[in-house]
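The structure appears below as structure tokens.
2 protein chains.
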Amino acid sequence: MNVSDYLFRRIRDAGVTHSFGIPGDFALPLYAAQEKAGLKTIVMTHEPSVGYAADVYARIHGLGVAIVTYGVGTLNMVNAVAMAYAEESPVLVLAGAPEVGWQVGDTLFHHRVKSPATQLRVMREVTVAQASILDPTHAVEAIDEVFDAIRRHSRPGFIEIARDLVFAPVTVTPAPVARPAPPNREALDEAVAEIVARLNAAERPVICAGVEIERFDQMPAFRRLVEKLNVPVATSLMGKAVLPENHPNSIGTYFGRIGPDDVRKYVEAADCVLALGMHLSDVDVGFDSALLARRRMIQATADGVNISHHRYPGIALADVLAALLKADGLTRHGFAGFARSAPQSAAAKPWGTGAIIDELNRFLTPAHVVIADTGDCLFASVVLRAEQFIGPGYYASMGLAIPGAIAAQIARPNWRPVVLIGDGSFKMNGVELGTARDYGLNPIVIVLNNRSFGTLRAADRDREYYRVRPWDLVGLAASIGGHGIRVTNIEEFRAALREAQASTGFVLIDAQLPEGDASPTLLRLGTEYGGKIRVE
Amino acid sequence: MNVSDYLFRRIRDAGVTHSFGIPGDFALPLYAAQEKAGLKTIVMTHEPSVGYAADVYARIHGLGVAIVTYGVGTLNMVNAVAMAYAEESPVLVLAGAPEVGWQVGDTLFHHRVKSPATQLRVMREVTVAQASILDPTHAVEAIDEVFDAIRRHSRPGFIEIARDLVFAPVTVTPAPVARPAPPNREALDEAVAEIVARLNAAERPVICAGVEIERFDQMPAFRRLVEKLNVPVATSLMGKAVLPENHPNSIGTYFGRIGPDDVRKYVEAADCVLALGMHLSDVDVGFDSALLARRRMIQATADGVNISHHRYPGIALADVLAALLKADGLTRHGFAGFARSAPQSAAAKPWGTGAIIDELNRFLTPAHVVIADTGDCLFASVVLRAEQFIGPGYYASMGLAIPGAIAAQIARPNWRPVVLIGDGSFKMNGVELGTARDYGLNPIVIVLNNRSFGTLRAADRDREYYRVRPWDLVGLAASIGGHGIRVTNIEEFRAALREAQASTGFVLIDAQLPEGDASPTLLRLGTEYGGKIRVE
Chain W
454 MNVSDYLFRR IRDAGVTHSF GIPGDFALPL YAAQEKAGLK TIVMTHEPSV GYAADVYARI
514 HGLGVAIVTY GVGTLNMVNA VAMAYAEESP VLVLAGAPEV GWQVGDTLFH HRVKSPATQL
574 RVMREVTVAQ ASILDPTHAV EAIDEVFDAI RRHSRPGFIE IARDLVFAPV TVTPAPVARP
634 APPNREALDE AVAEIVARLN AAERPVICAG VEIERFDQMP AFRRLVEKLN VPVATSLMGK
694 AVLPENHPNS IGTYFGRIGP DDVRKYVEAA DCVLALGMHL SDVDVGFDSA LLARRRMIQA
754 TADGVNISHH RYPGIALADV LAALLKADGL TRHGFAGFAR SAPQSAAAKP WGTGAIIDEL
814 NRFLTPAHVV IADTGDCLFA SVVLRAEQFI GPGYYASMGL AIPGAIAAQI ARPNWRPVVL
874 IGDGSFKMNG VELGTARDYG LNPIVIVLNN RSFGTLRAAD RDREYYRVRP WDLVGLAASI
934 GGHGIRVTNI EEFRAALREA QASTGFVLID AQLPEGDASP TLLRLGTEYG GKIRVE
Chain S
454 MNVSDYLFRR IRDAGVTHSF GIPGDFALPL YAAQEKAGLK TIVMTHEPSV GYAADVYARI
514 HGLGVAIVTY GVGTLNMVNA VAMAYAEESP VLVLAGAPEV GWQVGDTLFH HRVKSPATQL
574 RVMREVTVAQ ASILDPTHAV EAIDEVFDAI RRHSRPGFIE IARDLVFAPV TVTPAPVARP
634 APPNREALDE AVAEIVARLN AAERPVICAG VEIERFDQMP AFRRLVEKLN VPVATSLMGK
694 AVLPENHPNS IGTYFGRIGP DDVRKYVEAA DCVLALGMHL SDVDVGFDSA LLARRRMIQA
754 TADGVNISHH RYPGIALADV LAALLKADGL TRHGFAGFAR SAPQSAAAKP WGTGAIIDEL
814 NRFLTPAHVV IADTGDCLFA SVVLRAEQFI GPGYYASMGL AIPGAIAAQI ARPNWRPVVL
874 IGDGSFKMNG VELGTARDYG LNPIVIVLNN RSFGTLRAAD RDREYYRVRP WDLVGLAASI
934 GGHGIRVTNI EEFRAALREA QASTGFVLID AQLPEGDASP TLLRLGTEYG GKIRVE
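As they're listed, the protein sequences go chains W and S.
So that you can map any letter, position 411 of the first sequence is 864 in my numbering, and since no number is skipped, the others follow by simple counting.
So that you can map any letter, position 178 of the second sequence is 631 in my numbering, and since no number is skipped, the others follow by simple counting.
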């Protein structure tokens, strides 16, 4: 067995069938080894997309793999890996590296920056564990450590392999499988007892659910707990759809003063907020417009429990959920449903992002996965009801949605991706849709085309450099192998959705909105958040 | 005067009129301040392009400025900044940053990765100097230090400004202008005396010229020295056109066994090689196929002089050139011209990259600037004769050429950019041409369309993942506001060049080559370099 045999065996053992990448000369042995191992790389057009695709595959599958070349490849996806770090996505970045002999001394080879270690040093800032394979003797342990860290923290890890060591023999001795240390039972019992007491004492408790429930594989346990407690559930933006939004206990997405008012009132009036797997980042709870009093809160995350103003460190969400499910004496509450404000009829809202979201609420089925890019497409999605939803609700980088749609359909061929993206984001990497064509995928892409960086305009005012000059997106879609439909009103949009649903190729719906159009959510965001920035 | 007044005054003082960027919320005050200062940002579609454009503007202008937002913006251009570092391009990256209050403590704000300092820590790995403005008291000195380092090293620097300090008042006391330390005169005299003796003793000397001659503003001095010495000049790939290639002393580009054989023979037969401003990186001199014996070499770079096997550290190229120009007793050599192999008639080469280069040698005028991306477009350019040439001949990242063409024409409106790019590179960021349309620019873009990552294929063999699936580039060009012409033979190519030359908008020439087409240069590169990689 050699270094790459071992590496790709671990990747296959994690259930991964496809990686994402762009080949380059330092990575050629890795690519050849992968091919031998029966894995397939989806070749993207540009490395940022490689990172976004691996990220979304990881969110769905529990591990996503990017294979890129030394320097130019790795350094071109730093932002994507940073997003995976921030949003707790278990991505493995696998990079080529120079021969051992080139990594010492002053050889000036291509793709070198300050030193041969530049890519490793950069990746330390955006990954949770790193291995640079320069000696086959320690390769197995080094690879294992990165895999274990990725799984434990649900964050990206990095492995680079000197080009001349990819086929170096290694000895794999059956090592004891690394298991997480058992929880501190006494601390866990104390925390859970306190949680039980607080939940039982509450008259109007609410659960706020975040994305760690999905990242740490706790969706079934969480659902059982919700049904045991019978407490209403609001999600954060990142946590959207960790409980299907048609579940009777779902009350929608809580997004502070920016989100739907009925959800806000319900959550903020609760006398006990059980926040599970959410981190209260600014975007995730409505740009700091959330009013969640610490004294009424219980917050359990992957690495600890906070109750009011005290903390139980090192107590994992999964252990808390398991203990609550086993706990005797938990009161079943009397939640009897929540009259969510019905989606307005399309006629009620003028043509724009708001009307599009309402229409999607009628269109979406459980087979759709909605992937929102950053901008109004993300913020307006607060009132979307989706069974599966992916969006960069913490890191808020543009560029995730289209590569993500490709990865989502590779990971779950029976899902139909629906992308919501602004025209500014679309210009960044929308042509990656050509790759969807290459691999026979058929995402439905809705471009919210308001000829603006709408979020900036909403936060400030109209300025020349917030304008996005139009492209002929229908022509562009055709040129990269898909079908484009331009729509200018809700009836055309509805017809386009029907046409797209029936298509076997990708369909781009160019939703021509009024210039600078903004959803009600974005308008509130502009007031709330923009007011805090001194722009002059 | 406030922080941004001072910053943009320094930028304007460097003769910069345009920056490149994408606005984002942490950078809004910077954008507003720039607008007030009378500078204009060319808004690109994607941050990698922002970096490449600033790089090319810097290569032409002596300083190029990128303005991006915190985290997502900066981290999305790491590769571009790394290229500027490797290729000694004086770029200033100016980034937004969180408020001072957010930079301490654990606030979870959007675009944050591991800590508020992640972008600064990453940029340390790819820039020569960094400033994080968290206190206006030291802002002026910190800004000055970055500007001075950029100029001294001709490499990128980084400044981030906390969003709430952009308009903070500063006191600017007239500081002594930082001047480089004077050279060690004794060491310089000793080195120059040795160089003079060696040049005088040589019977068949040659000059090899690298890109530092341009980067450190030595082109006029260099040309005078060449004419004083009357010695033939070969350039490295990076140094291409530091002496116009129609100059009587130019013998072309030296690229080891991979480049033109007549140049190789001439250079390798010389009894004294005066290498000026070149670093002998692998790509720059033919992937290590150069045979330049140290015992016959004099190498003067920005930071030292090597003669045979000994070194004079700290002696700058500019000082050596000045001293040689003043030196008495330098023998004038008897170089009487070099019969460069004439470009073959188009009929002589079959349709392909080689024939296209020959045709360009007939087409190019002194008003054209050729910008080659990485791949065969770069390697085949070894035999191109250009007055202005820009290519990533050391770092060899894909993606420079199209944003670079935009920047080149912004920097020199009377230049007409001619881009050479492969179809793989074009997919990465070719749609950036839409930005050329937005700003009224008209580059001529030649896509060498061989449906392959040709360099990888040449270095290895045909594999499924080296294939690039075709797009309809003519349709794509139209969709983003330009004109596309598909050509399938040399007559159509010639006609397309004529049509492009007359166009006021951008023109994309889709040169449909045989699949896997490779220039003679690339075929030699494949044999020479590919043979060293064990792919399996």
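Quick reminder that beta carbons are idealized off the backbone N, C-alpha and C, glycines included.
What you are looking at is a predicted structure, and each value in this text was computed from that prediction instead of being measured.
Asked: Inter-residue spacing [alpha-carbon to alpha-carbon] between residue 653 of chain S and residue 515 of chain S; Found: 35 Å
Asked: Under the three-state DSSP convention, the category residue 814 of chain S falls into; Found: helix
Asked: Cutoff 8 Å: residue 524 of chain W Cβ touching any chain S Cβ; Found: yes
Asked: Sufficient close CB pairs (3 or more, under 8 Å) joining the segment 463-476 of chain S to the segment 491-506 of chain S; Found: yes
Asked: 8 Å Cβ cutoff met for residue 970 of chain S and residue 938 of chain S; Found: no
Asked: Neighbour flag for residue 627 of chain W against chain S, beta carbons, 8 Å; Found: no
Asked: Alpha helix (DSSP H) runs contained entirely in the segment 639-704 of chain W, provided each spans 4 or more residues; Found: 665-668, 672-682
Asked: Interface residues of chain W facing residue 906 of chain S [CB-CB closer than 7 Å]; Found: 476
Asked: C-beta neighbour in chain S for residue 989 of chain W, strict 8 Å; Found: yes
Asked: The ligand PLP heavy atom lying under 7 Å from the CB of residue 654 of chain S; Found: The ligand PLP is not among the ligands present in this structure, which contains no ligands whatsoever.
Asked: Cutoff 8 Å: residue 554 of chain W Cβ touching any chain S Cβ; Found: no
Asked: Residue from W:723, W:726, W:705 with nearest C-alpha to residue 716 of chain W; Found: W:705
Asked: Ranges of the beta strand (DSSP E) found wholly within the segment 545-598 of chain S, counting only runs of at least 3; Found: 582-586
Asked: Boundaries (first-last residue) of the alpha helix (DSSP H) holding residue 952 of chain W; Found: 943-954
Asked: Contact list for residue 578 of chain S against chain W, beta-carbon separation under 8 Å; Found: 566, 567, 571, 574, 575
Asked: Length of the line joining the Cα atoms of residue 935 of chain S and residue 870 of chain W; Found: 31 Å
Asked: Bounding residues of the beta strand (DSSP E) (the contiguous stretch that carries residue 474 of chain S); Found: 471-474
Asked: Contacts of residue 880 of chain S in chain W (Cβ-Cβ under 8 Å); Found: 498, 499, 884, 887
Asked: Proximity winner among W:805, W:742, W:553, relative to residue 967 of chain W (alpha-carbon distances); Found: W:805
Asked: Secondary structure of residue 710 of chain S, DSSP reduced to three states; Found: helix
Asked: CB contact check: residue 736 of chain S to chain W, cutoff 8 Å; Found: yes
Asked: Under 7 Å by beta carbon: chain W residues contacting residue 919 of chain S; Found: 476
Asked: Nearest-angstrom Cα separation, counted from residue 907 of chain S out to residue 976 of chain S; Found: 10 Å
Asked: Within 9 Å of chain S by C-beta, residues of the segment 600-630 of chain W in sequence order; Found: 616, 617, 619, 620
Asked: Whole-number beta carbon distance between residue 880 of chain S and residue 498 of chain W, since they are thought to touch under 8 Å; Found: 4 Å
Asked: Own chain partners of residue 892 of chain W with C-beta closer than 8 Å, once the 5 adjacent residues on each side are dropped; Found: 495, 859, 863
Asked: In DSSP terms, what residue 725 of chain S is bridged to; Found: S:658
Asked: Span of the alpha helix (DSSP H), counted from its first residue to its last, around residue 536 of chain W; Found: 531-539
Asked: Proximity of residue 736 of chain S and residue 563 of chain W at Cβ, strictly below 8 Å; Found: yes
Asked: Classification of residue 596 of chain S by the beta-carbon crowding that lies within 10 angstroms, buried from 16 upward; Found: buried
Asked: Beta-carbon proximity of residue 851 of chain W to residue 827 of chain W, cut-off 8 Å; Found: yes
Asked: Of the listed residues S:744, S:815, S:524, S:769, nearest to residue 634 of chain S (C-alpha basis); Found: S:769
Asked: Limits of the unbroken beta strand (DSSP E) element including residue 901 of chain S; Found: 897-902
Asked: Near-chain W residues of the segment 527-551 of chain S - C-beta to any C-beta below 9 Å; Found: 527, 528, 529, 530, 531, 532, 533, 534, 535, 536, 538, 539
Asked: Partner residues on chain W for residue 732 of chain S, Cβ-Cβ distance less than 9 Å; Found: 561
Asked: Span of the alpha helix (DSSP H), counted from its first residue to its last, around residue 459 of chain S; Found: 456-466
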